[in-house]
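Residue numbers (this note's numbering): 67 to 456.
Backbone N, C-alpha and C fix where the C-beta goes; we use that ideal spot for every residue, glycine too.
Input: a single structure, listed below in structure tokens.
Shown next, in the form of structure tokens:
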């Protein structure tokens, strides 16, 4: 699963270090080339209903192999031709990664029922580590072999993951999901009731999870896109310096994604850990508004929060799902709608900035979204788990 996770964000962020060379070679503007980074997030939202339908018919083991095969195909297609092929390959990559987004929480719930938080934290860390590896490695590779080969060579990681996954799952028989319990002190399941029998769109807790996940994703993608510009405009950092400083936001996610489930494993209630992470998230927009020169502290705190809260949302989904079938539907529904908000984040913050001429209103927008995330997430985190019904 760690090897798989390396390939679920890396192919997207690999474009950024060579965006100028890619744009010049393909004859498009930098802004147009930026579509290669935003299209996958749109695919996360648009493709989720189709992925959910596919996962109802295919085994999870086969779905992961299909996902990896599509990532490899998309990676190659993106590198071999002009801009239309680059767009086509990026769409394939986006659809492939969507399969992983939906399938992994279900696999974690099924195969690691008593370690949901820890395993999800490891998976989330691997997502970020994969991003860091490709971000650091793509530019040097491009200097040696050109941007096309630099992007295509990351397909080697896909092949390694596919081989290991095939070997590891060859003898695994599908097993029913057990109710997770070891990650939280307040995890005694409530008796299965009518809520577990309802479709996702008729459940109050699922809509709150949509709000929590969507607001978190909106804030993350919006902040990731505009942090370098905010730092350059508000405190005068150079473009390179602002980009390097904003990487703290990504790197500290690894701490959060591992640290938050570790706190659960030590007996802290889910609502307490979630509340701490919400507080850390609030530090970023508040700090940049009131004391922007402390940006490293604010970004470090929010980085921990964004990595940890993603993990907590997955834990909340597993606790409230009521079984593997429900978890699959819930994961698809929450992520499908949540990534719609995520895709809107960078655009919305950019439009607000253009309309106001400053970064105050965009940061206030992030503050409001984190508030929504807090209200929705903490409500679900305070609810008791639903017992398994399938």
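- Message: What does the alpha-carbon distance come out to for the pair residue 201 and residue 147?
- Response: Your numbering for residue 201 matches position 135 in the chain shown. Your numbering for residue 147 matches position 81 in the chain shown. Straight across, the Cα-Cα distance linking residue 201 with residue 147 is about 22 Å.
- Query: Among 119, 120, 163, which one has its Cα closest to the Cα of residue 139?
  - Reply: Taking the chain shown and counting its residues from 1, the one referred to as residue 139 is at position 73. Residue 163 is the option with its Cα nearest to residue 139.
- Would you mind stating whether residue 401 and residue 319 have Cβ atoms separated by less than 8 Å? Residue 401 sits at position 335 when you count from the first residue of the chain shown. Residue 319 sits at position 253 when you count from the first residue of the chain shown. Not in contact: residue 401 and residue 319 (Cβ atoms no closer than 8 Å).
- With burial defined as no fewer than 16 other Cβ atoms inside 10 Å of the residue's Cβ, what is the status of residue 165: buried or exposed? Looking up residue 165 in the chain shown gives position 99. Using a 10 angstroms sphere on the CB of residue 165, the tally of other CB atoms reaches 16 or more, which defines it as buried.
- Query: Where does residue 452 sit, in a helix, a strand or coil, going by DSSP?
  - Reply: For the purposes of this step, residue 452 is taken as residue 386 along the chain shown, with counting starting at 1. Residue 452 falls in the strand class under three-state DSSP.
- Using the beta-carbon count (16 or more within 10 Å), is residue 210 buried or exposed? Within the chain shown, residue 210 is the residue found at index 144, counting from 1. Residue 210 should be labelled exposed.
- Message: Suppose you measure from the CA of residue 208 to the CA of residue 197; what does that come to, to the nearest Å?
- Response: Here residue 208 corresponds to residue number 142 of the chain shown, with the count starting at 1. Here residue 197 corresponds to residue number 131 of the chain shown, with the count starting at 1. So the alpha carbons of these two residues sit roughly 17 Å apart.
- Task: Mind reading off the beta-carbon distance from residue 283 to residue 408? Whole number of angstroms is fine, and I expect it under 8 Å.
- Result: Residue numbering aside, residue 283 sits at position 217 when the chain shown is read from its first letter. Residue numbering aside, residue 408 sits at position 342 when the chain shown is read from its first letter. Between residue 283 and residue 408 a beta carbon distance of about 3 Å is seen, short of the 8 Å cut, so the two are scored as contacting.
- Message: Given this structure, state the Cα-to-Cα distance separating residue 114 from residue 168, to the nearest angstrom.
- Response: Walking along the chain shown from the start, residue 114 turns up at place 48. Walking along the chain shown from the start, residue 168 turns up at place 102. Answer to the nearest angstrom: the Cα atoms are 8 Å apart.
- Message: Taking the straight line between their C-alpha atoms, what separation do you get for residue 350 and residue 367?
- Response: For the purposes of this step, residue 350 is taken as the residue at position 284 of the chain shown. For the purposes of this step, residue 367 is taken as the residue at position 301 of the chain shown. Those two C-alpha atoms are separated by around 7 Å.
- Might you give, ordered along the chain, the residues of its own chain that have their beta carbon closer than 7 Å to the beta carbon of residue 339, omitting 5 neighbours on each side? The residue given as residue 339 occupies position 273 in the chain shown. Within the same chain, 326, 329, 330, 378 come within 7 Å of residue 339 by CB-CB distance, once the 5 residues on both sides are set aside.
- Query: DSSP three-state call for residue 402: helix, strand or coil?
  - Reply: Against the chain shown, residue 402 aligns to sequence position 336. Secondary structure at residue 402: helix, using DSSP grouped into helix, strand and coil.
- Message: Looking only at its chain, what residues have a beta carbon closer than 6 Å to the beta carbon of residue 381, apart from the 5 residues adjacent to it on each side?
- Response: Numbered from 1 along the chain shown, position 315 holds the residue referred to as residue 381. Closer than 6 Å at the Cβ level, and outside the excluded window around residue 381, lie 182, 183.
- Item | Classification of residue 206 by the beta-carbon crowding that lies within 10 angstroms, buried from 16 upward | Residue 206 sits at position 140 when you count from the first residue of the chain shown. So residue 206 ends up on the exposed side.
- Message: Could you check whether the stretch 437-444 touches the stretch 270-285, counting it as contact only if at least three pairs of C-beta atoms, one from each stretch, sit closer than 8 Å?
- Response: Yes, the stretch 437-444 is in contact with the stretch 270-285.
- Message: Can you tell me whether residue 250 is buried or exposed? The criterion is at least 16 other CB atoms within 10 Å of its CB, across all chains shown.
- Response: Locating residue 250 in the chain shown gives position 184, where the first residue counts as 1. Its pLDDT being 46, under 50, residue 250 is placed unreliably by the model, and nothing is read from it.
- Item | CA-to-CA distance, residue 74 to residue 246, given in whole angstroms | The count along the chain shown starts at 1 and reaches residue 246 at position 180. The count along the chain shown starts at 1 and reaches residue 74 at position 8. Model confidence at residue 246 stands at a pLDDT of 42, short of 50, so the residue's coordinates are unreliable; what they give is reported in the following sentence. One C-alpha to the other measures close to 25 Å.
- Residue from 451, 152, 71, 85 whose Cα sits closest to the Cα of residue 130: As a position in the chain shown, residue 130 is number 64, starting the count at 1. The closest CA to that of residue 130, considering only 451, 152, 71, 85, is found on 71.
- Item | residue 104 to residue 83 span [Cα, whole Å] | Walking along the chain shown from the start, residue 104 turns up at place 38. Walking along the chain shown from the start, residue 83 turns up at place 17. Each residue's alpha carbon lies about 15 Å from the other.
- Task: Give the straight-line distance between the Cα atoms of residue 78 and residue 106, rounded to the nearest whole angstrom.
- Result: To locate residue 78, count along the chain shown from 1; it is residue 12. To locate residue 106, count along the chain shown from 1; it is residue 40. Between the alpha carbons of residue 78 and residue 106 lies a gap of roughly 7 Å.
- Query: Could you give the distance in angstroms between the alpha-carbon of residue 448 and the alpha-carbon of residue 337?
  - Reply: Start at 1 with the first residue of the chain shown, and residue 448 comes out as number 382. Start at 1 with the first residue of the chain shown, and residue 337 comes out as number 271. Those two C-alpha atoms are separated by around 5 Å.
- Task: Output the boundary residues of the alpha helix (DSSP H) element that contains residue 270.
- Result: On the chain shown, residue 270 is found 204 positions in, with the first residue counted as 1. From DSSP, the alpha helix (DSSP H) with residue 270 extends over 270-301.
- Is the beta carbon of residue 390 less than 8 Å from the beta carbon of residue 175? Stepping through the chain shown from its first residue, residue 390 is reached at position 324. Stepping through the chain shown from its first residue, residue 175 is reached at position 109. The criterion of a C-beta distance shorter than 8 Å is satisfied by residue 390 and residue 175.
- Message: With a threshold of 8 Å on Cβ separation, who are the neighbours of residue 414 within its own chain once the five nearest residues in sequence on each side are excluded?
- Response: For the purposes of this step, residue 414 is taken as the residue at position 348 of the chain shown. Only 284, 288, 431 meet the Cβ criterion.
- Message: I'd like to check one pair, residue 358 with residue 300: are the Cβ atoms closer than 8 Å?
- Response: Taking the first residue of the chain shown as 1, we reach residue 300 at position 234. Taking the first residue of the chain shown as 1, we reach residue 358 at position 292. For residue 300 and residue 358, yes; Cβs fall inside 8 Å.
- Task: Go ahead and label residue 265 buried or exposed: buried means 16 or more other beta carbons lie within 10 angstroms of its beta carbon, across all protein chains shown.
- Result: Indexing the chain shown from 1 puts residue 265 at position 199. Exposed, since its Cβ has fewer than 16 Cβ neighbours within 10 Å.
- Item | Collapsed DSSP secondary structure at residue 265 in the structure displayed | Position 199 of the chain shown, counted from the start, is the residue given in the question as residue 265. Coil.
- In whole angstroms, what is the alpha-carbon distance linking residue 124 and residue 363? Here residue 124 corresponds to residue number 58 of the chain shown, with the count starting at 1. Here residue 363 corresponds to residue number 297 of the chain shown, with the count starting at 1. Residue 124 and residue 363 have their C-alpha atoms roughly 45 Å apart.
- Message: Need the endpoints of the alpha helix (DSSP H) that residue 86 sits in, please.
- Response: Reading the chain shown from its first residue, position 20 is the one you call residue 86. Residue 86 -> alpha helix (DSSP H) spans 85-92.
- Rounded to a whole number of angstroms, what is the C-alpha to C-alpha distance between residue 223 and residue 145? As a working mapping, residue 223 is identified with position 157 in the chain shown. As a working mapping, residue 145 is identified with position 79 in the chain shown. The alpha-carbon of residue 223 is positioned some 16 Å away from that of residue 145.
- Task: Starting from the C-beta of residue 149, find all residues in its chain whose C-beta is less than 6 Å away, skip the five residues before and the five after it, and write them out in chain order.
- Result: Position 83 of the chain shown, counted from the start, is the residue given in the question as residue 149. Around residue 149: 92, 94.
- If we call anything under 8 Å between Cβ atoms a contact, is residue 178 one with residue 170? Counting from one through the chain shown, the residue named residue 178 turns up at place 112. Counting from one through the chain shown, the residue named residue 170 turns up at place 104. Cβ atoms of residue 178 and residue 170: not closer than 8 Å.
- Query: If residue 394 sits next to residue 172, beta carbons under 8 Å apart, how far is it from one beta carbon to the other, in whole angstroms?
  - Reply: Looking up residue 394 in the chain shown gives position 328. Looking up residue 172 in the chain shown gives position 106. The Cβ separation is near 5 Å, so the contact holds.
- Message: Whole angstroms are fine: how far does the CA of residue 435 sit from the CA of residue 143?
- Response: As a working mapping, residue 143 is identified with position 77 in the chain shown. As a working mapping, residue 435 is identified with position 369 in the chain shown. Looking at the two C-alpha atoms, the distance is approximately 37 Å.
- Task: Please list, in chain order, all residues of the same chain as residue 227 whose beta carbon is under 8 Å from its beta carbon, the five residues on each side excluded.
- Result: Within the chain shown, the letter at position 161 stands for residue 227. Answer for residue 227: 69, 70, 72, 73, 134, listed in chain order.
- Query: If you draw a straight line from the alpha carbon of residue 121 to that of residue 109, how long is it in whole angstroms?
  - Reply: Here residue 121 corresponds to residue number 55 of the chain shown, with the count starting at 1. Here residue 109 corresponds to residue number 43 of the chain shown, with the count starting at 1. Their Cα atoms are separated by approximately 17 Å.
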